[in-house]
Amino acid sequence: GQQLNQSPQSMFIQEGEDVSMNCTSSSIFNTWLWYKQDPGEGPVLLIALYKAGELTSNGRLTAQFGITRKDSFLNISASIPSDVGIYFCAGQEWDFGNEKLTFGTGTRLTIIP
Amino acid sequence: NAGVMQNPRHLVRRRGQEARLRCSPMKGHSHVYWYRQLPEEGLKFMVYLQKENIIDESGMPKERFSAEFPKEGPSILRIQQVVRGDSAAYFCASSPRDSGCEQYFGPGTRLTVT
């Protein structure tokens, strides 16, 4: 089945630093989604990408859909304490009847005081 | 517009009992997805349903697990004769018919089997 490799697994940064994480896939996806999950909660959708090469921003977050459709990255600029959490990428093939999301393994973001 | 609702948030069952997890999608959403998450792991797809139809159950264990999304009422994920390995967080997501891509998640049900 599909596999998504997400890196890094964890990041320890200071407040105000920029953050970058990425996902690579063994095969092609038609949609990439980025989610953030806080402890004890469900994933919250941050950014959705629909076209190869697309670059989309949501406030301090920027994500890109790779040209090969096998990768995506997420950048967070000027991190703040509420950015702490686990970030997941998810890919979707988007064929009828095959709309399930395949999730990456997550990047845990910690801000060092 | 209320988000995806799941209940209960926490469920404790003894081995051999049945677990019923409920999910009410966002208003206007007719597609429901169930995912399972083990500690320190990503979410794994289980089943995709539309009203009264199972579209894709490729991620669902063949035995003891079943799901439904009736014409009226919430979607139900049922686990019969639970075992310790069923302990996990179960998340429901919904998407609108005309989107087909963005899935919005509920807060999850944390199942503990003792």
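Protein sequences appear in the order of chains A and B. Using this note's numbering, the first residue of the first sequence is number 1, and each one after it goes up by one. Using this note's numbering, the first residue of the second sequence is number 114, and each one after it goes up by one. Idealized CB from N, CA, C, for every residue including glycine. Fair warning: this is a prediction, and the values are worked out from it, not measured in the lab.
A straight-line Cα-Cα distance of about 42 Å links lysine 70 of chain A and glycine 129 of chain B. The beta carbon of threonine 225 of chain B lies closer than 8 Å to those of His123, Leu124, Val125, Arg126 and Ser200 in the same chain, with the five residues before and after it left out.
Within the same chain, Cβ atoms closer than 7 Å to the Cβ of glutamine 193 of chain B are found at Glu131 and Arg177, the five residues on either side in sequence being excluded. In terms of CA proximity to serine 26 of chain A, A:Asn5 leads the group A:Ile76, A:Gln64 and A:Asn5. Ranked by how close their Cα comes to the Cα of glutamate 54 of chain A, the residues A:Gly66, A:Ile76 and A:Arg60 have A:Gly66 in first place. Counting along the chain, the unbroken beta strand (DSSP E) around methionine 11 of chain A starts and ends at 10–14. Distance from the CA of arginine 197 of chain B to the CA of proline 138 of chain B, rounded to the nearest whole angstrom, comes to 28 Å. Within chain B, the residues Tyr146, Phe158, Tyr161, Asp169, Ser171 and Gly172 have their CB atoms less than 8 Å from the CB of lysine 100 of chain A, given in chain order. As DSSP reads the structure, glutamine 37 of chain A sits in a beta bridge with A:Ile86. Neighbours of tyrosine 50 of chain A in chain B, taken as residues whose beta carbon is under 8 Å from its own, are Cys214 in chain order. With a threshold of 8 Å between beta carbons, glutamate 131 of chain B makes no contact with chain A.
Taking a cut-off of 8 Å for Cβ pairs, the region 79–87 of chain A and the region 98–113 of chain A touch, as three or more such pairs fall below it.
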